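In our numbering, the protein residues as written are 970 to 1416. Ideal Cβ placement from N, Cα and C applies to all residues, glycine included. Because the structure is a prediction, the values reported are computed rather than measured. A short write-up of the structure that comes next.
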């Protein structure tokens, strides 16, 4: 059979299968991400029926999926939101790095892999998956929640930290000198700073340049600009995800609203491909030998991530329900952890590090959507608390707080993302949206 025909059949079967899995997940009121990952395992290396001609296209589609997920999140926020949240949440970033990097470093040292492997595994356990979390927030209809800015602030701080971490790790693995590593680090920090400065100060000019009444031209310009910025950022040792997120931040007004509506279907398609691609490159046979240490590490860092999100949300004045939701949402690891592990495997640092990292990420990328949904109700049940059932009796929040704002919240801490929240899996499956929690903000249109 002609190779193009095989490609069309394979890729068409993937898309059709994802659609059916998505419908099944909606019926079960469940995030489809674990099902997508299991499908990738079934058709990847060592699976039931490995793919052939479509694998390269799926790899490219996966990269586009991560970029679009972060672009769409950026479209929900203004530059002012980003700057104010980063200023107020940087202590949470320090707590996040401390609580979640140390378990990975300790595990590597306990296994006798040495200090360089400890630095690598620390990064793998530290960084949450922006792609998975962006998808989960959309699936559960939580884009407008008051805790969502806290979650995204931590994710952005992690992604920006990668501009420092990745050059350092690359230099350590390559055994290059301090001078070469310092140059790479300086370039990465400079690029990240320039992109952030442009997004914050010149966002209105970028929106005016991109703006058009023709949906086709708007789609092409926004998508093209995003891919170019993401590619340049990655080439210069800065995360493509950070570049895409900042492009979304830079766009505002009608441009942001129009781009959101046009890009949502593309985002859903390529995001699903990303999760399938992750599973495709996991050999099921490599998991059992490292399953116990991976499970132990996953258990510890699940608890530390929940603690990180709970503490950060509490510091921002979010109530108990929102604190547990924030912690549970941050659990998933994904694309960055795999990139870090890939660097280590390529350098030949330790033969078991790659399988351990893969098993660890696979466990948490499946567990992440579950903790995002069930941490709050489980925690409230265990603590015997039902949350606030009479919000009218609470003291009023400060001036400018939106609907459902928390009492005593810091100024600006409760500002939710602007733009309409996307319909989530839960709302679609149940025939109607979930009840709005007392600390959940009703999304408003972006000016």
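**Study point:** Contact between the segment 1194-1205 and the segment 1253-1265 (3+ Cβ pairs under 8 Å)
**Key:** no
Practice item. Counting only the same chain and skipping the five closest in sequence on each side, list residues whose C-beta sits under 6 Å from that of residue 1292. Key: 1279, 1282, 1283
Point to revise | Whether residue 1259 touches residue 1328 by CB criterion (8 Å) | key: In this structure, the beta-carbon distance from residue 1259 to residue 1328 falls below 8 Å.
Exercise for review: Note down, in chain order, each residue of its chain lying with its Cβ closer than 8 Å to the Cβ of residue 986, except the 5 sequence neighbours on either side.
Suggested key: 1008
**Study point:** Residue environment, residue 1186, which counts as buried when at least 16 other CB atoms sit within 10 Å
**Key:** exposed
Review point. From residue 1003 to residue 1261, what distance separates their C-alpha atoms?
Key: 20 Å
**Study point:** Other residues of its chain near residue 1275: CB distance less than 8 Å, five sequence neighbours each side excluded
**Key:** 1293, 1296, 1297, 1299, 1300, 1340, 1344
Point to revise | C-alpha distance - residue 1246 paired with residue 1073, whole-angstrom precision | key: Going from the Cα of residue 1246 to the Cα of residue 1073 covers about 25 Å.
Review point. Mapping DSSP to helix, strand and coil, what is residue 1366?
Key: Low per-residue confidence applies at residue 1366: pLDDT is 36, beneath 50, and the placement is therefore not dependable enough to give any value.
Check your understanding: Count the other CB atoms within 10 Å of the CB of residue 1032; is the residue buried (16 or more) or exposed (fewer)?
Key -> buried
Point to revise | Pairwise C-alpha distance: residue 1218 and residue 1113 | key: 16 Å
Check your understanding: Do residue 1096 and residue 1305 have their CB atoms nearer than 8 Å?
Key -> Residue 1096 is a Cβ neighbour of residue 1305, given a cutoff of 8 Å.
Review point. Looking at C-alpha atoms only, which residue of 1125, 1049, 1077 is the closest neighbour of residue 1170?
Key: Considering only alpha carbons, the answer is 1049.
Check your understanding: Ends of the alpha helix (DSSP H) at residue 911?
Key -> The chain is shown from 970 up to 1416; residue 911 falls before or after that span and cannot be answered.
Review point. Nearest to residue 1163 by alpha carbon, out of 1178, 1211, 1123?
Key: Of the candidates 1178, 1211, 1123, the one whose C-alpha sits nearest the C-alpha of residue 1163 is 1211.
Check your understanding: Straight-line CA distance for residue 1183 to residue 1318?
Key -> Approximately 52 Å between the Cα atoms of the pair.
Exercise for review: Tell whether a beta-carbon distance below 8 Å holds between residue 1264 and residue 1156.
Suggested key: no
**Study point:** CA-to-CA distance, residue 1166 to residue 1126, given in whole angstroms
**Key:** 15 Å
**Study point:** Own chain, CB closer than 8 Å to residue 1005, minus 5 neighbours either side, in chain order
**Key:** 987, 990, 1241, 1244, 1245, 1248
Check your understanding: Do residue 1077 and residue 1087 have their CB atoms nearer than 8 Å?
Key -> Yes. Within cutoff.
**Study point:** Nonlocal neighbours in the same chain, by C-beta distance under 7 Å from residue 1312, ignoring five residues either side
**Key:** 1138, 1139, 1142
Review point. Which parts of the segment 1216-1281 are runs of the alpha helix (DSSP H), unbroken and 4 residues or longer, counting only runs that do not cross its ends?
Key: 1222-1249
Practice item. Select from 1011, 995, 1272, 1040 the residue whose C-alpha is nearest the C-alpha of residue 1236. Key: 1040
Check your understanding: If we count the other Cβ atoms within 10 Å of its Cβ and call it buried at 16 or more, is residue 1174 buried or exposed?
Key -> exposed
Check your understanding: For residue 1307 versus residue 1330, is the C-beta spacing smaller than 8 Å?
Key -> Their beta carbons are under 8 Å apart, which means residue 1307 touches residue 1330 by this criterion.
Check your understanding: Between residue 1325 and residue 1105, what straight-line distance do the alpha-carbon atoms span, to the nearest angstrom?
Key -> 25 Å
Practice item. Would you tell me roughly how many angstroms separate the C-alpha atoms of residue 1223 and residue 1181, rounded to the nearest one? Key: 9 Å
**Study point:** Exposure of residue 1220, with buried meaning 16 or more beta-carbon neighbours within 10 Å
**Key:** Counting every other CB atom within 10 Å of its CB across the protein chains shown gives residue 1220 a total of 16 or more, marking it as buried.
Check your understanding: How would you write the range of the alpha helix (DSSP H) that residue 1352 sits in, first residue to last?
Key -> 1322-1352
Exercise for review: State the start and end residues of the unbroken alpha helix (DSSP H) segment that holds residue 1108.
Suggested key: 1099-1108
**Study point:** Boundaries (first-last residue) of the alpha helix (DSSP H) holding residue 1191
**Key:** 1184-1204
Check your understanding: Do residue 1172 and residue 1309 come within 8 Å of each other at the CB atom, strictly closer than that value?
Key -> Taking 8 Å as the Cβ cut-off, residue 1309 and residue 1172 do not qualify as a contacting pair.
Review point. If you follow the alpha helix (DSSP H) that residue 973 is part of, which residue opens it and which one closes it?
Key: 972-996
Exercise for review: Could you pull out every residue in the same chain whose Cβ sits closer than 8 Å to the Cβ of residue 1028, ignoring the five residues on either side in sequence?
Suggested key: 1246
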